[in-house]
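The sequence shown begins at 1 in the UniProt record's numbering and counts up by one.
Glycine included, each C-beta is placed from N, C-alpha and C at the ideal position.
Please read all numbers here as calculations on a predicted model, not as lab measurements.
Worksheet: the structure to be examined is printed underneath.
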Amino acid sequence: MRQPGMNRTVALAVGVVLVAGSCGGSTAGTSTSVVSGETGTFSASSTATPVPTSAPTATAGIDPIIEAARATVGEYAGEWTNTTFGSTGPMTASIDVADDGTVTLAMDLGGLVFGESDPDPEVLTFGALDVIQGVDVESAVFGTVTLKQSLGGLTMSARDVPSSRIGSVQIIVTLGRDGTVSGTYEIIFEGETAVGAEGVFALTRR
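Here it is in structure tokens:
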């Protein structure tokens, strides 16, 4: 039997970190007025109400979630390993995030993917903001893939892989602060309900 390999994996994103701002204040100002008249002179002072300053933003006009997603822009390279069958292969990814939050992900995987062949590179596009609630993306290798933000990374679910051997794939992507992307995956074979193969992957920014 041919050994099933790790499927094509995205290095996103587009996991997504929320950015919080902080508020500061301005120093209160003091003014004095003097009124003169026939009965004498009256002096009064008043203190202006402090006016809070606006929270700083990384880039004017850019949503903080999109700004965080743009931190993942770059070229990545690494490898996948099927820990069940021992197969392995190289993988690369390129991520770009536009000002409107559109993520363009170009990816390529070497080796016997799903134990079948080395698939052609492909490009996926989706919205960085859409990943928070979950978004479906069409892939030639995975079929319909649901991308959803998870704690510290991204969950990818392909429930109907276009392969006669593979039923579904679940991938957990973890984004490291040092520019690394790692994770695990599980494969359920066609007609089965239990996990039939597992694996790991790791990429670093080039």
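How many whole angstroms separate the CB atoms of V103 and A69, which I take to be in contact at a CB cut-off of 8 angstroms?
Correct: roughly 7 angstroms between the Cβ atoms.
Quick one: Cα of I137 to Cα of L151, how far?
Correcting the residue type first, residue 137 is Val in the shown sequence and not Ile. When rounded, the distance between both Cα atoms is 20 angstroms.
Label T125 either buried or exposed according to how many other C-beta atoms from any shown protein chain fall within 10 Å of its C-beta, with 16 as the threshold for buried.
With fewer than 16 Cβ atoms within 10 Å of its Cβ, T125 is classed as exposed.
Which class does P64 belong to by DSSP, given the choice of helix, strand or coil?
Residue state, collapsed to three classes: helix.
Please state whether the Cβ-Cβ distance between T92 and T81 is less than 8 angstroms.
Going by C-beta atoms, T92 is not nearer than 8 angstroms to T81.
Taking the alpha-carbon positions, what's the R205 to G74 distance?
About 7 angstroms.
Looking at C-alpha atoms only, which residue of M156, Q149, I132, P162 is the closest neighbour of A140?
Comparing Cα positions, the closest option is P162.
I'd like to know whether the C-beta atoms of T186 and R165 end up nearer to each other than 8 angstroms.
Thr is not the amino acid found at residue 186; the sequence shown has Glu there. No, the pair does not count as a contact, with Cβ atoms beyond the cut-off.
Who are the Cβ neighbours of T146 in its own chain at under 6 angstroms, not counting the five residues just before and after it?
If we look at T146 and ignore the five residues flanking it on each side, its Cβ neighbours are G134, D136, S157.
Let me know if T72 comes out buried or exposed under the rule of 16 or more other beta-carbons within 10 Å of its beta-carbon.
Buried is the call here.
Thinking just about the alpha-carbon of each residue, which of G127, S94, V131 is nearest to the one in Y76?
Out of G127, S94, V131, S94 has the C-alpha closest to the C-alpha of Y76.
Whose C-beta lies closer than 8 angstroms to the C-beta of L129 among residues of the same chain, with five residues either side of it excluded?
Closer than 8 angstroms at the Cβ level, and outside the excluded window around L129, lie D63, I65, I66, G101.
How about residue 209 and V169: do their beta carbons lie closer than 8 angstroms?
Only positions 1 to 206 of the chain appear in the structure, and residue 209 is not among them; the question remains open.
In terms of residues, what are the limits of the alpha helix (DSSP H) holding D130?
130-133 is the extent of the alpha helix (DSSP H) around D130.
Return yes when the Cβ of E198 is within less than 8 angstroms of the Cβ of T180, no when it is not.
No. Outside cutoff.
Return yes when the Cβ of G78 is within less than 8 angstroms of the Cβ of L203, no when it is not.
Contact flag set, yes.
Buried or exposed: where does G111 fall if 16 or more other Cβ atoms within 10 Å of its Cβ makes it buried?
G111 should be labelled buried.
Pull up the DSSP beta-bridge partners for V97, would you.
V97 pairs with V103.
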